[in-house]
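Enquirer:
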Amino acid sequence: MKFIKWLTISALVVLIAGVAVSQQKNQKRKGRAVLSVPKVAKKDLICFALYTVHDNILKLTAQLYPLAAGDSRIVRLEIKKEGEWVEVARTKAIEPGWTAPFRVEKWNDSKAHEYRVIHEAGATYTGTIRKNPVDKGEVVVAAFTGNSIHPAHGGDISRKDIIENVKRIDADVLFFAGDQVYDHFKHYAGWLKFGRDFGEIIKDRPTLCLPDDHDAGQPNLWGESGKVSTLGGASDGGYARPGVYVQEVERAQTSHFPDPVDPHKIGQGIGVWFTNLNWGNVDFAILEDRKFKTGPAGRVPKQGPRPDHIRNPEYDPASVDVDGAILLGQRQLKFLDRWSQDWTNTEMKVALSATIFCGGAHIHGGANGRLHADMDSNGWPQSGRSRALSALRKGFAFHCAGDQHLATIFHHGLENHRDAIWSFCVPSIANLYLRWWEPLKPGANRETGAPDYTGDHLDGFANKVTNYAAANPEKKPAGKLLNTRSAGFGVVRLNTKKREITMECWPRNVDITDPATKQYAGWPRTISQFDNYDPPSWGKLGEMTFDVENPVVQLIDDLSGEILYTVRAHGKTFNPGAPKGRSFTVKAGKNEPSTVILEKAEVGAGSRAIRLK
Amino acid sequence: MKPLKANSHLVLLLRVGAFLCLAGWTWVHFYWEGPYGVLLWQESSQALAERVGIDWDEFVGTGANDGLVQRLIGFTSWFYLGATILTVTVRKKSYLQMMGLLGGGALLGILAYARFVGAQSQIPMLVEHGGQVLAPVLLVLALHMGARHRVTIAAAMVAMMMTFIGHGCYALNLWPMPATFQAMTTEILGVEHETATSLLWWAGILDFVVCVGIFLKVSRRSCALYAAIWGLLTAIARPVAGMSLSLNYWGADQFIHEAVLRAPHYVIPLYLFLVWRRSDELETVAGDSKTEIGPDGCQTAGPGKITRSPID
């Protein structure tokens, strides 16, 4: 029997060894990328650098490869002044993650500066801090999401086309809406790869990367203010990975953001980074639509095969809009309230977040997985969506986001269709998971010749949405090709002179400056800034002619005392829109609405001249 | 000594283990959904469907209605329910029912494979399901060959080892540790990340230690007992960490089945502990009355010789 014992023990050893060997083979399997941290020469220790400039404060984060035990942790930032390199800041690289965040106050953003990051081991990384494009007249945002690197769906295809196109259009801001890293365990390695892929364009322009669910190491994210998630799929709310891991992710991706407006930490010591960036007279609200959001598991009645999925089309949408369910949370709503009223050095407002404020897809997955509603989207909770959109439309904010793996344009509705803001969900860089916008019934009030899927719809949560475009992928699984899976990127042109917003949606591996290159069907589309709060039911208060250019105008509801909206008028004349049958107090000012210019104003009042000087 | 009664208790134990495992998965299939999407909704299954003349929409549904895939997954629930009932009704000579139970084991095998594919083909995911997959098989073996038969015991040892090797590989971070391991440890014990990681590392070491320890006579009972306790704790960790008074049904529908379907993780080691306890007792008695005990714990000669379980 001894023989049997030893035979069994040997079998055990062979089993373990076999497992290890076969796993190694698996890692080389076609379809999945293997992430690792490469060893680099000392001169290449600095992988890339990201920065923003806001309110005369430069924040720059240098991302380093691992330093050796004997290497200094000190990293220096220098800028070129009159031909000489001058040190403006030094910092210590933070472990884990090897990030070196710099903060420089009294930054002169009226001109460009060459910069270099230096580590004494001999590494130098150079780039340009741009001049604030306040006089450019158009701020160009290149927007991305879903940076899968897996070969199975083209993730291994070079990003060179994106780099070249961003250079061609000379984008002023880069916006990565989320899922920069898909690996749930090796964010550092993934982030370095992201830097190697995009560093060439990131180093020379303000860049905003919003860490989304996959960046944080989980398939979906309902952050619930830092709770610990213990349910597979994380729909019980909270973070699946340890707080220190999430902190490292956020340090890498967001430590160069303008200072958070409300920096109190949440559970597990996780920080917050929601804030705003004013660049080129466009005020970007950077939102955390995942961090405070309630997880649906156990909170809403079960409606499908997963706690966060609703399959039953007959369900009562009101039943899932449960008391206490949070979307943005009070802290962000307060911020948005202040932000929408503040038009200092601002001509247009844009909100950036991970995902859009509606259920923006019907079919999920590789084939025909029709879902009535997905609570991962910001269509849920409906009350939270209403509060978010109400806050955003008060500043006529345009919304740009990602996450859906499906490019769409929606005009959102609250009380009625098309009475809130517009959103542009940009396509994935490489599309890991396919989705389609494919309503069962044709939309109402479609534009002439527009596809059936456009027009007025209710999403799966009975939210009012109006679709104008959807870059649906091919119907059947489409193999490795990027564009049959509707991969690509978005460009948003914010014309501060005309106050127009143009959305462009480009496929991969094309030259977007070539006139022959076509965008995905439905793009480009240009809207007015004022379309972001122009309900069809409204009338006009009457044209006001000011004695100053572009005054800030605010309407306050006389009955409720609530601000209806605040906006910077375009030019000297402004004809404010307003609901019929209600009266408003109108305030205005050169840079803030400090003077009451009209009381008890109602729709249909005549034109008038206003003196503000 | 009451060997007959003891054997019936052993079978009952394995019956309970198989029942809970299959009942838990039945709940998952009926209330939630089996994890087969990753196997069925892919290009190769599309090609296969088209090769046998099934239209793609017919295969996956039009969106407004269910296709073959959804119906197949729906049918699977009933097979699970049938296998669960069989764990209660199966008797020593119910060969047809035994075949059905083995079919239940095969279903669990397919499920384990689907979970393996869903986990990006991590081998420990496949291995750790061994205990569950073998739970109905063990019941059949115990009924057919006897609860103390060396084949039954060997199969139980393999089942236990698979569970603990799978867990151990994750706990030692040989493969990326599932986030829930650390989250549950943090949540239940209220410890920081570093402490949780350290605790799990030691638990991983012990996972491997017990897998070796069950081959050594001196340690096999204590190892099996530890494995039973640890298996129970890890199974109930899900509801303990996740349930809350603030949730609908206190979150029971989200978490309870996670503990129930993991019953083999503690039932099989407990079975081994009891088998070996009896065997060692018998050996002690044999020392007094010259009863001969085989190395696997089976009595091979002597006054009360047990050649196979008289009643199961």
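Sequences listed follow chains A and B, in order.
Using the numbering used here, the first residue of the first sequence is number 1, and each one after it goes up by one.
Using the numbering used here, the first residue of the second sequence is number 1001, and each one after it goes up by one.
Every residue gets a Cβ at the ideal spot worked out from N, C-alpha and C, and that includes glycine.
Can you name the residues that DSSP bridges to A/Met-544?
Expert: Position 544 of the first sequence holds residue 544 of chain A. A/Phe-574 and A/Arg-608.
Enquirer: For a cutoff of 8 angstroms on Cβ pairs, would you count B/Glu-1187 as touching chain A?
Expert: As a working note, residue 1187 of chain B is residue 187 in the second sequence. Yes - at least one Cβ of chain A is within 8 angstroms of the one on B/Glu-1187.
Enquirer: Can you tell me whether A/Lys-587 is buried or exposed? The criterion is at least 16 other CB atoms within 10 Å of its CB, across all chains shown.
Expert: Position 587 of the first sequence, counted from the start, is the residue given in the question as residue 587 of chain A. That one is buried.
Enquirer: Do A/Asn-276 and A/Trp-222 have their CB atoms nearer than 8 angstroms?
Expert: Here residue 276 of chain A refers to the residue found at position 276 of the first sequence. Here residue 222 of chain A refers to the residue found at position 222 of the first sequence. Not closer than 8 angstroms, so no.
Enquirer: Does the beta-carbon of A/Arg-608 have 16 or more other beta-carbons within 10 angstroms, so that it is buried, or is it exposed?
Expert: Taking the first residue of the first sequence as 1, we reach residue 608 of chain A at position 608. Per the 10 Å Cβ criterion, exposed.
Enquirer: Answer with buried or exposed for A/Gly-581, where buried requires no fewer than 16 other C-beta atoms within 10 angstroms of its C-beta.
Expert: The count along the first sequence starts at 1 and reaches residue 581 of chain A at position 581. Flag for A/Gly-581 reads exposed.
Enquirer: Considering just the uninterrupted stretch of the beta strand (DSSP E) at A/Gly-455, what are its terminal residues?
Expert: Walking along the first sequence from the start, residue 455 of chain A turns up at place 455. Where A/Gly-455 is concerned, the enclosing beta strand (DSSP E) stretches over 455-458.
Enquirer: What residues in its chain sit with their C-beta under 6 angstroms from that of A/Ile-610, if we drop five residues either side in the sequence?
Expert: By one-based count along the first sequence, residue 610 of chain A stands at place 610. Correct list, in chain order: Met-544, Phe-546 and Ile-597.
Enquirer: Rank B/Leu-1040, B/Trp-1201 and B/Val-1260 by C-alpha distance to the C-alpha of B/Cys-1021 and give the top, closest one.
Expert: Sequence index remark: in the second sequence, residue 1021 of chain B carries index 21 (1-based). Nearest option by C-alpha distance: B/Val-1260.
Enquirer: Residues of chain B with CB under 7 angstroms from A/Arg-241, in chain order?
Expert: The count along the first sequence starts at 1 and reaches residue 241 of chain A at position 241. The answer, in chain order, is Ala-1179.
Enquirer: Can you name the residues of chain A whose CB is closer than 7 angstroms to the CB of B/Gly-1251?
Expert: The residue you call residue 1251 of chain B lines up with position 251 of the second sequence. By Cβ distance, chain A contributes Gly-298.
Enquirer: Is the number of C-beta pairs between the stretch 304-316 of chain A and the stretch 242-257 of chain A that are closer than 8 angstroms three or more?
Expert: Contact fails: fewer than three Cβ-Cβ distances are below 8 angstroms.
Enquirer: Short of 8 angstroms Cβ to Cβ, which residues in the stretch 214-229 of chain A face chain B?
Expert: The stretch 214-229 of chain A vs chain B, Cβ under 8 angstroms: Gly-217, Gln-218, Val-228 and Ser-229.
Enquirer: Roughly how many whole angstroms lie between the Cα atoms of A/Leu-494 and A/Asp-197?
Expert: As a first step, residue 494 of chain A is located in the first sequence; it is residue number 494 there, counting from the start. As a first step, residue 197 of chain A is located in the first sequence; it is residue number 197 there, counting from the start. Each residue's Cα considered, the two are about 26 angstroms apart.
Enquirer: Can you say whether B/Val-1151 is buried or exposed, counting buried as having 16 or more other CB atoms within 10 angstroms of its CB?
Expert: Mapped onto the second sequence, residue 1151 of chain B falls at position 151. B/Val-1151 is exposed by the Cβ-count criterion.
Enquirer: At the level of alpha carbons, what is the spacing between A/Lys-167 and A/Lys-106?
Expert: Locating residue 167 of chain A in the first sequence gives position 167, where the first residue counts as 1. Locating residue 106 of chain A in the first sequence gives position 106, where the first residue counts as 1. Distance between the alpha carbons of A/Lys-167 and A/Lys-106 is about 29 angstroms.
Enquirer: Helix, strand or coil: how does DSSP classify B/Met-1160 here?
Expert: Walking along the second sequence from the start, residue 1160 of chain B turns up at place 160. Residue state, collapsed to three classes: helix.
Enquirer: Who are the neighbours of A/Lys-302 on chain B, taking C-beta pairs under 8 angstroms?
Expert: Indexing the first sequence from 1 puts residue 302 of chain A at position 302. Under the 8 angstroms cutoff, chain B gives Tyr-1031 and Asp-1253.
Enquirer: What's the gap between the Cα of A/Ser-386 and the Cα of A/Gly-413?
Expert: Taking the first residue of the first sequence as position 1, residue 386 of chain A is located at position 386. Taking the first residue of the first sequence as position 1, residue 413 of chain A is located at position 413. Rounded to the nearest angstrom, the two C-alpha atoms are 9 angstroms apart.
Enquirer: Tell me, please, which residues DSSP counts as bridged to A/Glu-562.
Expert: Here residue 562 of chain A refers to the residue found at position 562 of the first sequence. None; A/Glu-562 has no bridge partner.
Enquirer: Secondary structure at A/Phe-335, three-state DSSP: helix, strand or coil?
Expert: Along the first sequence, read from residue 1 onward, the residue named residue 335 of chain A stands at position 335. Reduced to three states, the DSSP call for A/Phe-335 is helix.
Enquirer: Is the separation between the beta-carbon of A/Ile-310 and that of A/Ala-361 shorter than 8 angstroms?
Expert: To locate residue 310 of chain A, count along the first sequence from 1; it is residue 310. To locate residue 361 of chain A, count along the first sequence from 1; it is residue 361. No, the Cβ-Cβ distance between A/Ile-310 and A/Ala-361 is not below 8 angstroms.
Enquirer: Under the three-state reduction of DSSP, which class applies to A/Val-322: helix, strand or coil?
Expert: For this step, residue 322 of chain A is matched to residue 322 along the first sequence. In the structure shown, A/Val-322 sits in coil (DSSP, three-state: anything other than H, G, I, E or B).
Enquirer: At a Cβ cut of 8 angstroms, what residues of the stretch 302-325 of chain A count as close to chain B, listed as they run along the chain?
Expert: Listed in sequence order: Lys-302, Pro-305, Arg-306 and Pro-307.
Enquirer: With B/Thr-1087 as the anchor, note down where its alpha helix (DSSP H) starts and where it stops.
Expert: On the second sequence, position 87 is the one that residue 1087 of chain B refers to. Residues 1068-1089.
Enquirer: Hey, does A/Gln-23 have any beta-carbon neighbour from chain B nearer than 8 angstroms?
Expert: Locating residue 23 of chain A in the first sequence gives position 23, where the first residue counts as 1. Residue placement at A/Gln-23 cannot be trusted, given a pLDDT of 48 that sits under 50; what the coordinates show is reported in the next sentence. By this cut-off, A/Gln-23 is an interface position.
Enquirer: Would you list, in sequence order, the uninterrupted alpha helix (DSSP H) runs of no fewer than 4 residues that lie entirely inside the stretch 169-222 of chain A?
Expert: DSSP runs (the alpha helix (DSSP H)) wholly in the stretch 169-222 of chain A: 187-202.
Enquirer: Go ahead and pull the three-state DSSP assignment for A/Arg-418.
Expert: Indexing the first sequence from 1 puts residue 418 of chain A at position 418. Here A/Arg-418 sits in coil by DSSP.
Enquirer: Are the C-beta atoms of A/Leu-174 and some chain B residue less than 8 angstroms apart?
Expert: Mapped onto the first sequence, residue 174 of chain A falls at position 174. Answer no: the Cβ-Cβ gap between A/Leu-174 and chain B never drops below 8 angstroms.
Enquirer: Chain A beta carbons: is any one of them nearer than 8 angstroms to that of B/Gly-1131?
Expert: Translated into positions along the second sequence, residue 1131 of chain B becomes position 131. Not one chain A Cβ lies under 8 angstroms of B/Gly-1131.
Enquirer: Would you please verify whether the beta carbon of A/Val-244 is less than 8 angstroms from any beta carbon of chain B?
Expert: As a working note, residue 244 of chain A is residue 244 in the first sequence. Closer than 8 angstroms: yes.
Enquirer: Between B/Ala-1114 and chain D, is any beta-carbon pair separated by less than 8 angstroms?
Expert: Of the chains in the structure shown, none is chain D; the protein chains are A and B.
Enquirer: Measuring only the C-alpha atoms, how far is A/Trp-273 from A/Phe-335?
Expert: Indexing the first sequence from 1 puts residue 273 of chain A at position 273. Indexing the first sequence from 1 puts residue 335 of chain A at position 335. In a straight line, the C-alpha of A/Trp-273 is about 12 angstroms away from that of A/Phe-335.
Enquirer: Using a C-beta cutoff of 8 angstroms, does B/Asn-1248 count as contacting chain A?
Expert: Residue 1248 of chain B sits at position 248 when you count from the first residue of the second sequence. It does; some Cβ of chain A falls within 8 angstroms.
Enquirer: A/Gly-267: which of A/Lys-136, A/Trp-279, A/Asp-283 and A/Lys-291 sits nearest, CA to CA?
Expert: Locating residue 267 of chain A in the first sequence gives position 267, where the first residue counts as 1. Checked all of A/Lys-136, A/Trp-279, A/Asp-283 and A/Lys-291; the closest Cα to A/Gly-267 is A/Lys-291.
Enquirer: Could you tell me the alpha carbon to alpha carbon distance between B/Gly-1017 and B/Val-1158, rounded to whole angstroms?
Expert: The residue labelled residue 1017 of chain B in the question sits at position 17 within the second sequence. The residue labelled residue 1158 of chain B in the question sits at position 158 within the second sequence. B/Gly-1017 and B/Val-1158: Cα-Cα distance of roughly 16 angstroms.
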